[in-house]
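Here this note's numbering is used: the first residue of the sequence shown is 8, the next is one more, and so on. So the structure is just underneath, and the comments pick up after that.
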Amino acid sequence: MTKKITKLKCPTCKATVRAKDPDFPFCSDRCRKIDLGKWAMGVYKISSPALDPELLEDLEAPMVDNRE
Ligand SMILES: [Zn+2]
Numbered sequence: 008m009t010k011k012i013t014k015l016k017c018p019t020c021k022a023t024v025r026a027k028d029p030d031f032p033f034c035s036d037r038c039r040k041i042d043l044g045k046w047a048m049g050v051y052k053i054s055s056p057a058l059d060p061e062l063l064e065d066l067e068a069p070m071v072d073n074r075e
């Protein structure tokens with residue numbers, strides 16, 4: 008029953024994209040750039056201040072205030 012057709016949804020706008028499309032897995036160059044932009048922003052947020060493991064722990068529990 009399983010057919011070997013690779014179909015995905017565009018991560019940006021959820022349109023169906025086929026593997027043979029030139030901008031796969033995005034439906035268009037525009038959507039690819041939008042997604043890359045988001046991804047790059049995430050990377051910059053993580054990689055700039057968080058090389059220190061203690062900083063990472065602080066980021067994982069931002070709502071906890073254990074100083075009294
Ligand atoms: Zn799209």
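Even for Gly, the Cβ is constructed at its ideal location relative to N, Cα and C.
Since residue i sits in a beta bridge, which residues does DSSP pair it with?
{"i": "LEU43", "result": "Note: LEU43 sits in no beta bridge, so no partner."}
{"i": "LYS16", "result": "THR23"}
So, are the CB atoms of residue i and residue j less than 8 Å apart?
{"i": "LYS40", "j": "ARG25", "result": "no"}
Have a look at the options and flag the residue whose alpha-carbon is nearest the alpha-carbon of residue i.
{"i": "ILE12", "options": "CYS38, ASP28 and GLY44", "result": "ASP28"}
Would you tell me roughly how many angstroms separate the C-alpha atoms of residue i and residue j, rounded to the nearest one?
{"i": "CYS38", "j": "ALA22", "result": "10 Å"}
{"i": "PRO18", "j": "MET48", "result": "16 Å"}
{"i": "ASP30", "j": "ASP36", "result": "6 Å"}
{"i": "PHE33", "j": "LYS45", "result": "14 Å"}
Q) In chain order, what residues have a CB nearer than 6 Å to some heavy atom of ligand 1? A) Around ligand 1, the residues whose beta-carbon falls short of 6 Å from at least one of its heavy atoms are CYS17, THR19, CYS20, ALA22, PHE33, CYS34, SER35 and CYS38, given in chain order.
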